[in-house]
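What follows is a short report on a single structure.
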Amino acid sequence: MKDAEFQGLVAQLGGLSEVQRGALLEALKSKRPAAEALKLIEARFGAAPCCGHCGSHAQQPWGHASDLKRYRCKDCRRTFNALTGTPLAAAQLHRRDVWLAYGQALADGVSLRKAAKRCRIDLTTSFRWRHRFLATAQDKKARSLAGVVEADETFFLKSHKGSRKIAGRAPRKRGLSEEQVPVLIARDRSTATTDQILPDLKAETIARALDAIVARDALLVSDGAACSSYRSFANGAGILHVGLNTSAGERRWGVYHIQNVNAYESRLKQWLRRFRGVATRYLPSYLGWRRMIDREGDRLTACFCIATAAEARPTST
Ligand SMILES: [Zn+2]
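Just so we're on the same page, this note's numbering is the position in the sequence shown counted from 1, plus 487.
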């Protein structure tokens, strides 16, 4: 219902004083975002309800609870609703009225503090919600890359931000590899993108990361210090490989370059600056968030973020 229709409806209620009408309008307004968020979740789920406990599609309606339709599974006989088994399940009773606003904060990519202020929630809630709302996005990445596949590694400074065990930690030494977390990013020319946090850049580690993802008829392009690791993977898997010697100024070889993956990396790094350092343990969340922003473009709305968060996480990552 539009705002004007709402006000019209309230105006029709006779016998109310101006103050009472205002209070009613406010009360209704404050309920609406929660209702909208739930309506969206119910509509998506209702199209193909699936038991959040066992995955069965055989169920019967089982009344309502917590403002959501309840179902009973004919297989495991447990009851469930649209949020059962999703990252939002544990949050289902709290402050649904600001879920849409929080979805918008995610679509806009704002900091924790800004999201908290917008939604009038405290910083701890904002923090908890961020990781819960992003849990599904974190798992969504390209599962296969084809054609010309550009691969590159990028580094993030190890950070224990927010950790209580920070006292007694050795002072940070910049430039030392053990202080850095390598992340492999691979992107094909259809913009399918995947990334993976790696323990190191050894040939077997790179091979493990790329083996299930890169199509056997793809052409892999890489450069840099770890180039021999990519080559060794490509040789082992029978994949064509173009290794660029960028330190000698070779930025491309014919139509082959890694400018798309490099551009992705720089958008990622630039975007991460607003968070002023990301704790290493939450890096997967941020990587997933950035992939979602990059992948969805204009489709990324508050509703999209809520709908994604309310999807069950894939069981295999
Ligand atoms: Zn079931």
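Glycine is no exception: its CB is placed at the ideal position from the N, C-alpha and C atoms.
Short Cβ contact (7 Å threshold) for residue i with residue j
| i | j | result |
| --- | --- | --- |
| S709 | A638 | yes |
| K645 | V668 | yes |
| C538 | F567 | yes |
| W758 | R777 | yes |
| A633 | A750 | no |
Where residue i sits in the DSSP three-state scheme
| i | result |
| --- | --- |
| T571 | coil |
| G539 | coil |
| L621 | coil |
| R807 | Outside the shown range of the chain (488 to 804) lies residue 807, about which nothing can therefore be said. |
| A609 | Reading off the sequence, residue 609 comes out as Asp, not Ala. Coil at D609, not helix or strand. |
| V701 | strand |
| D785 | helix |
| I684 | strand |
| V597 | coil |
| R661 | Bear in mind that the predicted position of R661 carries a pLDDT of just 45, short of 50, making it too unreliable to give a figure here. |
| R656 | With a pLDDT of 48 at R656, under the threshold of 50, the modelled position of that residue is not reliable, and the figure given next carries that caveat. Looking at R656 - three-state DSSP - the assignment turns out to be coil, as it is neither helix nor strand. |
| G550 | strand |
| I745 | coil |
| A823 | Because the chain spans 488 through 804 in this model, residue 823 falls outside it and cannot be assessed. |
| C560 | strand |
Cβ shell of residue i (< 6 Å), same chain only, five flanking positions each side left out
| i | result |
| --- | --- |
| G590 | A789, C792, I793 |
| R671 | Note that residue 671 corresponds to Leu in the displayed sequence, not to Arg. Taken in chain order, the residues that qualify are E640, Q683, L685, A696. |
| Y743 | V708, V729 |
| A592 | A602, R605 |
| L755 | R777 |
Closest residue to residue i among the options (Cα-Cα distance)
| i | options | result |
| --- | --- | --- |
| W586 | Y558, L621, N568, R565 | L621 |
| R691 | R778, N722, V748 | Here residue 691 is Glu; the residue named in the question, Arg, does not match the sequence. The candidate whose alpha carbon is nearest that of E691 is N722. |
| T795 | L575, K526, S677 | L575 |
| A594 | A799, R782, E798 | R782 |
| A522 | R583, A545, F567 | R583 |
| K526 | S772, L632, A569 | A569 |
| D562 | G572, D554, L555, Q546 | Q546 |
| R564 | A799, H540, V742 | H540 |
| R703 | S753, K648, H544, S631 | S631 |
| D698 | A673, N747, A592 | A673 |
| N747 | I693, T678, R763 | T678 |
| Y717 | L610, R754, I693 | I693 |
Same chain only: Cβ atoms within 7 Å of residue i, ignoring 5 sequence neighbours per side
| i | result |
| --- | --- |
| K652 | A caution first: K652 carries a pLDDT of 49, below 50, which makes its placement in the model too unreliable to give a value. |
| A524 | R583, W586, L587, I793 |
| T623 | P574, T795, A796, E798, R800 |
| I608 | R582, V585 |
Residue i versus residue j - alpha carbon distance
| i | j | result |
| --- | --- | --- |
| H551 | R557 | 5 Å |
| E737 | A530 | 53 Å |
| A534 | G725 | 44 Å |
| A514 | K604 | Summary for A514: the model assigns pLDDT 49, below 50, so the residue's position carries little reliability; its value from the coordinates is reported in the next sentence. Between A514 and K604, the C-alpha separation is close to 21 Å. |
| I700 | A629 | 8 Å |
| F642 | G775 | 16 Å |
| L555 | D626 | 26 Å |
| R761 | S598 | 7 Å |
| G572 | S715 | 43 Å |
| V636 | P548 | 47 Å |
| S772 | H618 | 7 Å |
| M779 | S553 | 30 Å |
| D687 | P536 | 42 Å |
| I745 | G596 | 26 Å |
| N732 | G711 | 7 Å |
| K601 | T681 | 28 Å |
| I528 | R768 | 29 Å |
| S734 | A713 | 12 Å |
| W616 | D675 | 32 Å |
Beta-carbon contacts of residue i that lie in its chain and below 8 Å, excluding the five residues immediately before and after
| i | result |
| --- | --- |
| C560 | C538, H540, C541, S543, A545, Q546, T566, F567 |
Distance cut-off 6 Å: residue i Cβ against heavy atoms of ligand 2
| i | result |
| --- | --- |
| H540 | Annotation note on ligand 2: not contained in the displayed structure, which lists ligand 1 as its ligands. |
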